[in-house]
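Protein chains in written order, with the working numbering: chain A, 853 to 997; chain B, 853 to 997.
See below for the structure under consideration.
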DNA sequence: GTATAAGCTAGTAAAATGGTAGGTTTATAG
DNA sequence: CTATAAACCTACCATTTTACTAGCTTATAC
C-alpha cells in the first residue's frame, strides 16, 4: 500500500496548475523543472488527468495546461482515483458478485471501512483547500519526494 | 493502492487462528484447504507473521500454529504492517530527513492524513473484535477472494 | 513556415507479486 | 527406533507493474 510515484508526481503537478489557475496555461516543461520530474513521464501522467476531464490542454506555442474547472471544484479523490485506480480496493467491494459469500463476509467489512476512511479524507478536500493550506508557508514548500 | 493477496490471504489465515484460539494448534494445510489458498504460499505468509511475533509454531506431528497471544491483544494494524509493510506511506513520513522541505510540505500533510485515517481504523480493532463480528453470521462467511 | 508545445506509441530495465519446487529439520505416535 | 507429520528453509520462476526513455506526429501562434 505504498503510494506510487504516479500519484505523488501527478498530484504535485495538478497542484501546480491549481496554484497557477487563472494565469493562463502552464507548460509540462515548467512543471517538470519546478518539481524535478521527468518531462516525458509527467507528460503521460497529465494525459491521464486530461482523459479524466480534470485538466485541459492548449496546443502550440504559448500553450500548456490549465485545470478544466476551478480548483474549488476538483476534489482530491477525483485526482487520486484517476492516477491510482480504485482506492484501497478489493475486487469484491466493487463487484459483489465476484465472491459467493460477499454479503456477510467479515474481512470484506474491514476492507470497506479502510477504503471509506481514505475516501473520506480525500472527498472532504478540494485542490483549493490544499492551495489555501500552502499559503503562509513558503511557496516552494509544495514538495514531496 | 490495491490490497495485495499477501494481505488478504494472511489476514484470513490469522483470523482462522483467532477463531480457533485455545483449541490447540492448526496446521497450514488445514487453513490452506479451508481458505482455498496455495499451501506453500501460505507457508511463507505465516512465516512473516511468526517473524513478527504474532504467531507461534509447534513442530512435528500434531503440530501447527497458534496465535502468540490472545486475539484481544493483537491489533489489526500489527497484522497489516507485517504483511503489507508501512501503510499508505510515503518515505518522507517515516524519514523526514529524506526530503529537504519536509517540515512545511503540503502534500506530505495530505499523505499523513490518509495514513492516519487507515491506521485509526486498524488500530481500533483487534482480532477478537473481528471474530465477534463474524459470530452470528455463517462460520464459512469468513471469506474474501 | 518555423519554432513551440501537446499528443501518441512503443520499448524497456528493474522491482514486486504470486506463486512452485524440493529438500531439511523436529517431534510424536506406535 | 522408525515412520511420518508437520514446520522450516532456500531458491527459482512467470507475470505484472512501475517508472521511465525514445522518437515521431500534430496543432498553432507568430
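Just so you know, even glycine gets a beta-carbon here, dropped at the ideal spot from N, CA and C.
Own chain, CB closer than 8 Å to residue i, minus 5 neighbours either side, in chain order
i, result
"residue 957 of chain A", "944 and 951"
"residue 987 of chain A", "none"
"residue 964 of chain B", "945"
"residue 853 of chain B", "940"
"residue 915 of chain A", "877, 879 and 909"
"residue 962 of chain B", "none"
Reference residue i; option with closest CA among the options
i, options, result
"residue 927 of chain A", "A/967, A/853, A/975 and A/856", "A/975"
"residue 934 of chain B", "B/880, B/961 and B/896", "B/896"
"residue 921 of chain B", "B/940, B/948, B/876 and B/970", "B/876"
"residue 874 of chain A", "A/923, A/863, A/967 and A/889", "A/923"
"residue 919 of chain A", "A/905, A/936, A/932 and A/942", "A/905"
"residue 979 of chain A", "A/967, A/857 and A/930", "A/930"
"residue 900 of chain A", "A/984, A/968, A/858 and A/985", "A/858"
"residue 902 of chain A", "A/962, A/968 and A/869", "A/869"
Residues near residue i in its chain [Cβ-Cβ closer than 6 Å; skip 5 each side]
i, result
"residue 977 of chain B", "928"
"residue 889 of chain B", "861"
"residue 991 of chain B", "In this prediction, residue 991 of chain B scores a pLDDT of 49, lower than 50, which makes its location untrustworthy; the coordinate-derived value is nonetheless stated afterwards. Hits under 6 Å: none found."
"residue 936 of chain A", "859"
"residue 887 of chain A", "864"
Check: residue i C-beta below 6 Å from any heavy atom of the ligand NAD
i, result
"residue 915 of chain B", "Ligands in the displayed structure: none, and consequently the ligand NAD is not present."
Bridge partner(s) assigned by DSSP for residue i
i, result
"residue 978 of chain B", "B/927"
"residue 878 of chain A", "A/917"
Within 7 Å, strictly: CB atoms of residue i and residue j
i, j, result
"residue 883 of chain B", "residue 865 of chain B", "yes"
"residue 982 of chain A", "residue 939 of chain A", "no"
"residue 942 of chain B", "residue 894 of chain A", "no"
"residue 973 of chain A", "residue 966 of chain B", "yes"
Residues near residue i in its chain [Cβ-Cβ closer than 7 Å; skip 5 each side]
i, result
"residue 898 of chain A", "865, 880, 907 and 917"
"residue 872 of chain B", "878"
"residue 954 of chain A", "944, 948 and 960"
"residue 891 of chain B", "880, 881 and 884"
"residue 932 of chain B", "859, 939 and 974"
Kindly provide the ranges of any beta strand (DSSP E) runs that are 3 or more residues long and lie completely inside the region 899-941 of chain B, ordered along the chain. Within the region 899-941 of chain B, the complete beta strand (DSSP E) runs of at least 3 residues are 907-910 and 916-919.
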